[in-house]
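Under my numbering, the residues of the first sequence are numbered 43 to 326, in order.
Beta carbons are placed, not taken as given, at the ideal position from N, Cα and C, and that holds for glycine.
Every value quoted in this text rests on a predicted model; they were computed, and no experiment measured them.
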Amino acid sequence: MPFNQNNDTALTNLIVNYLPQNLTDKELFSIFVTIGPVESCRVMRDNKTGYSYGFGFVNFSRQEDATKAINQLNGLEVQNKRLKVSYARPSGEDIKDTNLYITNLPRTITEDQLEDLFGKFGRIVQKNILKDKITGLPRGVAFVRYDRKSEAAQAVTEMNGYVPEGCLEPLVVKIAEEHGKQKAAYYAGWHAGYTQSRGSGSSSQKKSGVIPTVVVPAGPRGTVPTVRAGVPTRIPAYSAPGVYSQVRANPNGFGGAVRQDKSHYRYNPVGPANAGYNVGGGYY
DNA sequence: CTTGAGCGG
C-alpha cells in the first residue's frame, strides 16, 4: 500500500535534515510557514520513545514555496544546528542502504582523501570521520553516504579489502546498520526521561515535553485504538480514532492540531475540524 | 568500540 504520492508532491515535498533534537512538529511548521502555506509537516521519531531522528518532512501547498524554502532556509541556524533543506524523493528501494561504514582507515584520513577514495562510485552526500570523544583523535572509522543504493553497493564491492597507499591493513567497507539508529534512539529516549512518570496510573500518553493534550473520542477505556496498516479507513478526520492536541493560536494566527499517529505527532496547520483536511492523502 | 540523524506517511 504505497502512499498516494501521485501528481506533483515531488516538487512540493521537502526533507529537512539536521533538526535540533528537541524541535517539534509545530516548531518545524512555524519555521517553514514563513515561506508560504504548509500542507503538512512532521519530525520523524522513534516509535517507542518519541526520540527525534533529527530529520523531518515539510510539504508545501505550492511548488514555488518549496523552491523558495530551499533557497532561503537551507543552512538556517536553529539552536545548535544548521538545517539542510532539500527536495524529498519518493521513498523506494534505491534510496535505502546508501550509508557506508568504513573501518581500518588511516588515522590521518581527511575528508578530501575520503572523497578521493570513495567519490568515484557516486555522489557523496555526507561524510563523517569519527573521532575519539576524549582525545579527539581519529579512530580510523568513517561513514560515507551516497545518493543511491547502487553506488553504495559498488563502493562496497570495490573498496572492501582495498589497501590504501601507505597503509598496512585493508579497509573494511560495509553498509551501515540501519537499525543501529533505532536502538540508539530507544536508549536516548529512555535516558531522556521518557518514563519519568512515577505513578503507574495514567493510561494516556504521558510524554514529557509534548504539547498539552486534549483527548478527543478515543477508544474504549481511553485507549488509543490501533490503526491497522493497509486498511484505508475513510473515517472523517474529526471522528478518526486517536488523540488530538489542540494548539492555540500559533505565531501565524492559524488554528492547528497535532494528531497522534502511530505515536508520531503530525502538525496540521488546518486542524481536524476542517473537512478538507488531508483530502486525498488519507491516513493509510 | 556502527555516527547523529538523508526519505515516512
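Measure the beta-carbon distance from L156 to A194 and round it to whole angstroms, keeping in mind my assumption that it falls under 8 Å.
As a working mapping, residue 156 is identified with position 114 in the first sequence. As a working mapping, residue 194 is identified with position 152 in the first sequence. Incorrect: roughly 14 Å between the Cβ atoms, too far for contact.
Does DSSP put S192 in a helix, in a strand, or in coil?
Here residue 192 refers to the residue found at position 150 of the first sequence. Note: S192 maps to helix in three-state DSSP.
Under the three-state reduction of DSSP, which class applies to E200: helix, strand or coil?
Reading the first sequence from its first residue, position 158 is the one you call residue 200. If DSSP states are grouped into helix, strand and coil, E200 belongs with the helices.
If you draw a straight line from the alpha carbon of G134 to that of N55, how long is it in whole angstroms?
Here the question's residue 134 lines up with position 92 in the first sequence. Here the question's residue 55 lines up with position 13 in the first sequence. Looking at the two C-alpha atoms, the distance is approximately 15 Å.
From I166 to I57, what does the alpha carbon distance come to, in whole angstroms?
As a first step, residue 166 is located in the first sequence; it is residue number 124 there, counting from the start. As a first step, residue 57 is located in the first sequence; it is residue number 15 there, counting from the start. One C-alpha to the other measures close to 17 Å.
Put T51 into one of helix, strand or coil per three-state DSSP.
Counting from one through the first sequence, the residue named residue 51 turns up at place 9. If DSSP states are grouped into helix, strand and coil, T51 belongs with the helices.
Check whether the segment 172-180 and the segment 125-143 are in contact - that is, three or more C-beta pairs closer than 8 Å.
As far as the Cβ criterion goes, the segment 172-180 does not touch the segment 125-143, which means the pair count is below three.
Unbroken beta strand (DSSP E) runs of length 3 or more, entirely within the segment 125-167: which are they?
Complete beta strand (DSSP E) runs here, min 3: 126-129, 141-145.
If you drop the 5 nearest sequence neighbours on each side, which residues of the same chain put their C-beta closer than 6 Å to that of R187?
The count along the first sequence starts at 1 and reaches residue 187 at position 145. Hits under 6 Å: T140, N141, V167, Q168.
Within the continuous beta strand (DSSP E) that includes I217, where are the two ends?
Along the first sequence, read from residue 1 onward, the residue named residue 217 stands at position 175. First-last of the beta strand (DSSP E) with I217: 214-217.
Starting from the C-beta of E200, find all residues in its chain whose C-beta is less than 8 Å away, skip the five residues before and the five after it, and write them out in chain order.
If you number the first sequence from 1, residue 200 lands on position 158. Excluding residues within five positions, the ones whose Cβ falls inside 8 Å are F163.
Spatial neighbours of P148 within its chain, please: C-beta separation below 6 Å, excluding the five flanking residues on both sides.
Locating residue 148 in the first sequence gives position 106, counting from the first residue. Only C209 meet the Cβ criterion.
Look at the alpha carbon of V127 and the alpha carbon of K216, and state the distance between them as a whole number of angstroms.
Residue 127 sits at position 85 when you count from the first residue of the first sequence. Residue 216 sits at position 174 when you count from the first residue of the first sequence. Answer to the nearest angstrom: the Cα atoms are 28 Å apart.
Kindly indicate which three-state DSSP category E106 falls into: helix, strand or coil?
Working through the first sequence from its first residue, we reach residue 106 at position 64. Correct three-state label for E106: helix.
Helix, strand or coil: which one does DSSP assign to L210?
Working through the first sequence from its first residue, we reach residue 210 at position 168. In this structure, L210 counts as coil in the three-state DSSP scheme.
Give the straight-line distance between the Cα atoms of S72 and Q105, rounded to the nearest whole angstrom.
Looking up residue 72 in the first sequence gives position 30. Looking up residue 105 in the first sequence gives position 63. Straight-line Cα distance between these residues: approximately 18 Å.
Using C-beta distances below 7 Å, list every residue in its chain close to P62, excluding the 5 sequence neighbours before and after it, in chain order.
Taking the first residue of the first sequence as 1, we reach residue 62 at position 20. If we look at P62 and ignore the five residues flanking it on each side, its Cβ neighbours are V120, Q121, N122, K123.
How far does the alpha helix (DSSP H) with E81 in it extend, from its first residue to its last?
Indexing the first sequence from 1 puts residue 81 at position 39. Unbroken run through E81 is the beta strand (DSSP E), 80-87; no alpha helix (DSSP H).
Given R190, which residues of its chain have a CB within under 7 Å of its CB, disregarding the five upstream and five downstream residues?
Within the first sequence, residue 190 is the residue found at index 148, counting from 1. These residues qualify, in order along the chain: D136, I137, T140, G164.
For a quick check, are the C-beta atoms of P212 and N146 less than 8 Å apart?
For the purposes of this step, residue 212 is identified with residue 170 of the first sequence, where counting begins at 1. For the purposes of this step, residue 146 is identified with residue 104 of the first sequence, where counting begins at 1. Cβ atoms of P212 and N146: closer than 8 Å.
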